[in-house]
Structures are given as structure tokens and as C-alpha cells.
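What follows is a set of notes on a single structure, which appears directly below.
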Amino acid sequence: MKQFWKSMLRSPSGVIGLVILLLAVSVALFGPMLFPNSPWRMVQRPFLPPFTLSTVPLGTDALGRDVFAGMIFGARVSLLVGLVSTLVALVVGIPIGAMAGYFGGKVDDALMRFTEFFQTIPSFALAIVLVAILQPSIYSIVASIAVVSWPPVARLVRGEVLSLRTREYVQAAVVTGQSNTWIIMREILPNALSPVIVLASLMVATAILLESSLSFLGLGDPNLISWGYMVGAGRTVIRQAWWITVFPGVAILISVLGLNLIGEGLNDALNPRLSREGR
Amino acid sequence: MPKRVLLGLLLACGLAAPVLAQEPKTGGVINAVIQPEPPGLMLAMVQNGPTQMVSGNIFEGLLRYSPKLEPQPELAESWSVSEDAKTYTFKLRKGVTWHDGKPFTAADVLFSIEMLKQTHARARTNLAQVDKVEAPDDYTVVFTLKQPFGPFLGIFEVGSMPMVPKHLYEGTDWKTNPYNNAPVGTGPFMFKEWQKGSFIRLAKNPNYYEKGKPYLDEIYWQIIPDAAARSVAYETGKVDVLPGGSVENFDVPRLTKLKDTCVTGAGWEFFSPLAWLWLNNRQGPLADKRVRQAVMYAIDRDFAKDVIWNGLGKVATGPSASTIKYYTDDVKKYPYDPAKAKALLKEAGYKGEKIRLLPLAYGETWQRWGEAVKQNLMDVGINIETIATDVAGGNQKIGDWDYDIAFTYLYQYGDPALGVGRNYISSNIAKGQVFNNVEGYSNPEIDKLFADGAVATPDSKRKEIYEKAQKILVEDVPVAWMLELQFPTITRCKVKNLITTGIGVNDGFKDAWLDK
């Protein structure tokens, strides 16, 4: 563990990513305490440009709502959706991939055809359809993002398990008569996790983008403000008021970038040999 | 001598110049936006907004209506009413032909009425008071009513009662008649072609009965699905006319500032769209009149008008738009007063029960409006949850009474008997349908007032009845009236005389001309 942090902190991208993530998380956690007012509240005259009033530093939108407050509250929704939907995708994808890789044969065939069924449908289109059918709400958005993002996890875990199950220590466990569940949980998965962790960090980024795209299209939860919603709502007035779209857009960019940097840092830290040889 | 004549001519021209400048010029092609693409153009069977806008220039009604909603001659050149107000005699214009050259006669009128009773829901209701229709000769039509019906002269507008060619429709299956796709009317423009998803082309009717009209050679109705692209199409000069509602309100100020651009809110008097919130009177906190009144006090309707609708429109005072007959503003007033709303809620014992709000999925303007109203209501302590939905889903929820508050706007058709009463009388409570009395308001006194008002004579008596009805309704707040909407029509200033009637662009191309 110590070794992990050491190499993580040695990689510059990892450090930058961590800083960004920490910042975003603290904004999401503590920001709303600083802004007790709802971000939907109309506080000033509409279309107030940024940096003109200290109370609304980033200006106001088409209804006179505080863009800065919207960004603070939006961080909460974006991060929450990103994390929860990734967790759900992992919970679905890891067991399916592990079973397919470990048991092989017909089980593998069946599970992988099922996975491919999801992979053949363009993921964003599927997410739109699911949200539209289920009615937009934070739950349906998390569910649909999870549904479209678990297949890569399953494929990755399957590949790792396939290569690990022929190792001597696994075969030794089989010989000693351990149960399949025990072997998968204790012997194989812990060793297969590092690429999954890297993938998960990138999945959070993708999930944030997916949520933003859905909200941009008007399929967000109408009771929660999110960055994608702000960009979508400001799009129609972008020629009069650039700031309504630009600031939340930058927020999406930075947080997705941060998560990607973390992924890179994790990759370096978890596969020290690979990264050192690569350079 | 010739010189003097020339001089005289020049002088005459010079003197007459100010008048001549307004003399219509013939020729030219106009590109207009139609949004959304109409589902069909056979006005007797399809009554969507865009259908009325295109086909109102192909078909004609017996009468046309001025912006003050006074009847004017169209296919009927004159009309008279009997002493007992039960017999209406229309003299038809002679020499009118359909676009295929066949003459238009009283037989077409009788046929159209029979057809519309089956295909046109509103025409059926409008004609409910008609006992019989007869044609003593080819150019006379006599309507006999069961009882006097005050708004009768208001039901002959082209969208409400378009005249259909008998010789092309009689004895055919109307739904599959090939002329549905290439409609034949008597109007100033003839249908030419429809490239689905691209444009609809109408051409001048060279045999139009009003000599010299129409002035334009062709109209192209351009179909552009994206709102931003429609604005750009105007800016780049691809289209010259943006009818009301075809661009987002947020774009209106920018577009109207462009050079050579004229904007008007006129041309909607006949429809007088009135926006309100359906309040479900049946269940929950909204069953209490005080809570409904609190909703009225809590919503900042001036803000909605100034910010969301860019100052267009008018804050509604009650169930009638101010352009509708017998409108009165001598009713209870509901200014923006959050403190009063809070007090009323407290008095009614509202304890923060969740109330669902259905916005209208008609684009950005309505989304923003839903957000603003939600915030207004939350500010006085009403616990609102917005339900996201599409147009069809929203209509279904409203029709099934599965809502608490829902946005809508409805046309009023000039007379309270035609467009107002239907939303408040208890006989119009019918589950599964939208646009009737979906709020479930039931008041025998109101039922009686609207029943009496429709058939009362003379006018002063109707006025008295409807004013009383408005007072009662505004006190009871069966629905929360928001704004009288105005949909601005944006045109290049060289397009003249487009909006001259109470239905504006819908039948306006008859008089429109292009100042080149």
C-alpha cells in the first residue's frame, strides 16, 4: 500500500488528477453549505454577465439564477451519478466476467453472448431509450448508465481470470479441494483487480459525460440541477450569454480530465513494471 | 401639348406618390417557416396548428374575421338574421371556382357541413344548435337553429368550417381520398407540391375571384426541425417569414433587432391563446380553494411575462382573454404576494404534502417557465416535484387526471360559448380526454350561467351572464390563469399586409405583397 501511494504520487498526472478530484469532492460535499439557497432561485436580473457582482461571481442565466450556485450543486449530481453508476456496473460486470472466465465452456459462451448483446447496441442510444422509457429521474439515469457500462468490465475481468486460472497457485487451490466461490473470491479476483480499478476510474469519467449528455438533451432529472442541464439550457442563448454554457462546460471538462489523469496515475502505480519499461 | 400632358402626368404622380407607395405590387416568391411539419393538409380532417396555417390559404370559409372578430364576407358575400335570431341566410358569391375549375355552389356548402360533422370535432360542437341547413337555390344557404345561439356568426372561419369540394369527396372514402394529399380548395393559393421533410409549395390561383389577388406568385413553406436552425435560416435570408411560435422566445429580441425586420403580435385575436395551470380540484391540498388561491398569489406572473416571454403577452385576469367578447377585468385580483400565499396555506392547513408539477414539453420557453413556477411555489412552502414527460405522455397523464398541477394553453375562439365554457362546465368532465374540464371543477351555478349565456338574447343579457360567470370563476380559481400569450410574427419589412385578419398568417397571404 505504501509502495502504491509512493508510485502514485510520483506520477505527475496522478497527483494532478487527485487534486482535481479532491477539489470536486469537497465542493460537492461542502459547497451546498456555503450556498444555502436553492440553485433554482431567481436571485438577480437575467443575463447578468460574470464578474460584475460579487454575489453572483459567474453571472446569471436566462431566468436570473446564479450560475456559480448551479455549478456547486451540479458537482454533487455529476459526481454522485458517476460514482454510483460505476459501482453498479462493477457489481454487475465483475461476477459475470469472473464466472465466464473461470468456468469456461458453455457458461462462458452464454454469458459472453449476453454481454455482446449489450455491446452491439450503441451505448448512448441505449441510455437515451432507457431513460425515455423509465421517465427521467436520478434513479433511471444511474440505472441506464450502469446498464450500458458494465459489458467492458465483464470482458476485462473475463480475460484476466482466463489467464490467472491456469496459474499454479490456482491449480493448487483446486487440488486442495477449495470451493469455486472461495477460489474466485480469494485467489483470482484480488490479482485481477488492478486493471479493473484503472478501468473504473475511467468509467466514472464516462458516466459523468453520459449524465451530462442526457441532461443536455433534456433527459436529466428535472428536480436536480446538473452541469449537462446548464449547458443544454444555456445553449439556446449562447450567442447572447456565453457564460451560461461555458462555465459548466469547463467544469465537466476539468472533472473528466481529472478522472482520466487519475486513471493514468493508477495505471502507473498498479503496474510499475509496465510503466517503467514503457518509458 | 404632349409635353404638357407629360408634365401633368408627372405632377399627378408626384401628388399621388404617398398613396402609390402603399399600392400593392404583384409578383414575388415568399419563403416562410412552418413548424412543425403538418401531419396532413386536408383541413376538414386535420386541424393541427401548422395545417391551419398552410391550408387556410388553400381553403376558404364562408366568412373571414377582422382583428376585432367582426365577420367579413368571404365565400358568402352577405348574410341576414331573422327577427327571432333563429334563421341565418347566407348569399354566396357568384363566379367562384374550385382550383380544378368546377364552380362553387350551395351544394358544396351542404356537403361540407355534413362531412365536417363527422370529421371535425369542434365543427360538430359548433353546429350542435343547428336544426337544419337548406339551399333554396345554388347561391343561397339557410341555417335554421333550434334556439338562438349568440356566437353563431363566429363559427365560419376557415379552420373551423372549411369548404370542401363535393364533386371530389362525395361517395368516396374520405380518409383515403387521393385529394387529401393534394388538396383542392377555392382559396387564393393552390397546392403544388410537398417534399416531405423539406418544403410545401403553393402557387398563385390565377382564377381567383377577387381580381388582382393574390399578389404573390408562390409561397414556399420551409420545414426546418431545429429551433436554432430556423433562426439561422431567417438571419441568412433563406426565409422571410417566421410565424408565431416558430422560433424560441429567447431568439426573438436578437432577430427583431436585425435590419429590415418587422415584428407584430397581431393575428392571434381569433385564437387568443390563454396559458394556465390545470389544478386538480379532486384530491389533495388543491381541493381546497384557499390553496388554489395561494397558488395564484405565489406565482410572479409579471416575471414570466417580462423574462420568459420577453415582455410579450399580458397577465391574465381570469378565464377569458381580454380579446374575447364580454371580457371583464372587474374581478378579484391576484397580484404577486408571497406573504398572502403563505397565510392562505397556513389557514388551509397545508403541511408540505408533495405536489406534482407537469411542465409542457413544447420547448425551452415552457421548460424555463416550469422551473420558474416551481421555484415560486417552493418559495411559499409548497413542496413541488417536477415530473419530466413528453407531449403525448403529459396529455395522457392529464387526461387520466393523474396530476396535481399541469401547464397548458388553449385557444378561445372569440366567444365564451365557443372557447371558455368548455373548460369549466361539469358536463365536460370526461376522463381520458384532454382540453375539457380536466380539473374536475363542478359548480351548478357556473353550469347554468354558461348554458344560459350561449342562447341568451340580446347581447346585453349575454354580457351580464358572462361577467357574472367570470367573477365566480376567478373567486374559485378552478385553474390558475397565467398569461394571455402573444406569438410574435417576425417578417422582413418588405413583406406587406400579411396580417390583416383575426387569424393572421393562417389566411393572410391573400392580401400579402412584396415590396421589391
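Chains as they are written, first to last, in the numbering used here: chain W, 1 to 279; chain F, 1001 to 1516.
Ideal Cβ positions, reconstructed from N, Cα and C, are used throughout, including at glycine.
The C-beta of V129(W) has fewer than 16 other C-beta atoms within 10 Å across all chains shown, which makes the residue exposed. Among the bridge pairs identified by DSSP, T1119(F) is matched with none.
Within the region 1355-1382 of chain F, the residues whose Cβ lies closer than 8 Å to any Cβ of chain W are, in chain order, P1359, E1364, Q1367, R1368, G1370, E1371, A1372, K1374, Q1375, M1378, D1379.
Judged by DSSP secondary structure, L1062(F) falls outside any beta strand (DSSP E); it is assigned neither H nor E. Around the CB of Y1326(F), 16 or more other CB atoms lie within 10 Å, so the residue is classed as buried.
Within the DSSP secondary-structure output, S1080(F) pairs in a beta bridge with T1089(F). Take the alpha-carbon of Y169(W) and the one of E187(W): they are about 8 Å apart. For T1119(F), same chain residues with a beta-carbon under 7 Å away, outside a window of 5 residues either side, are A1044, M1045, W1174 in chain order.
Taking a beta-carbon distance threshold of 7 Å, P248(W) does not count as an interface residue toward chain F. By the Cβ neighbour-count rule, L1202(F) is buried, with 16 or more other Cβ atoms within 10 Å of its own. In this structure N1436(F) is in contact with R1422(F), their Cβ atoms being roughly 6 Å apart against a cut-off of 8 Å. The DSSP-derived three-state label of Q1072(F) is strand.
With fewer than three CB-CB distances shorter than 8 Å, the region 1383-1402 of chain F does not count as touching the region 1287-1302 of chain F. Scanning its chain for C-beta atoms nearer than 7 Å, with the 5 sequence neighbours on each side dropped, one finds around K1094(F) the residues Y1139, in chain order. Approximately 37 Å separates the beta-carbon atoms of I184(W) and A75(W); this is outside 8 Å, ruling out the contact.
If the five residues before and after A1316(F) are omitted, its C-beta is found closer than 8 Å to the C-beta atoms of L1274, A1275, W1276, R1301, W1481, M1482, L1483, E1484, all from its own chain and listed in chain order.
Counted as a single uninterrupted DSSP element, the beta strand (DSSP E) harbouring Y1409(F) occupies residues 1405-1410. Below the 9 Å Cβ cutoff, chain F contributes no neighbours of N37(W), its closest Cβ being approximately 10 Å away. M1161(F) is a Cβ neighbour of A1123(F), given a cutoff of 7 Å. With a threshold of 7 Å between beta carbons, A1298(F) makes no contact with chain W. For N223(W), at least one C-beta of chain F is nearer than 7 Å to its own C-beta. Cα atoms of D1415(F) and K1342(F): separation of roughly 36 Å, rounded to the nearest angstrom.
Proximity of V1307(F) to chain W, defined by a Cβ-Cβ separation below 7 Å, is satisfied.
Following the DSSP letters along the chain, one finds N1436(F) in no alpha helix (DSSP H), marked with neither H nor E. In the three-state reduction of the DSSP assignment, V1295(F) falls in the helix class. Put simply, the backbone Cα of G93(W) is about 13 Å away from that of I197(W). Put simply, the backbone Cα of P1036(F) is about 8 Å away from that of I1224(F). Taking a Cβ-Cβ threshold of 8 Å, the residues of chain W close to T1386(F) are P222, N223, in chain order.
For T206(W), there is no enclosing beta strand (DSSP E); the enclosing alpha helix (DSSP H) has its first and last residue at 189-216.
Secondary structure of F103(W) (DSSP, three-state): helix.
Per DSSP, reduced to three states, the secondary structure at Y1327(F) is coil, with no helix or strand assignment. Cβ neighbours of I1472(F) within its own chain (closer than 8 Å, five residues either side excluded): N1443, E1445, I1446, L1449. Here the alpha carbon of W243(W) sits roughly 37 Å from the alpha carbon of V153(W). At a cut-off of 7 Å between C-beta atoms, L48(W) does not count as an interface residue with respect to chain F. In chain order, R239, Q240 make up the part of chain W whose C-beta sits under 8 Å from the C-beta of R1254(F). Measuring C-alpha to C-alpha distances from Q1283(F) to each of W1401(F), I1324(F), V1096(F) identifies W1401(F) as the nearest.
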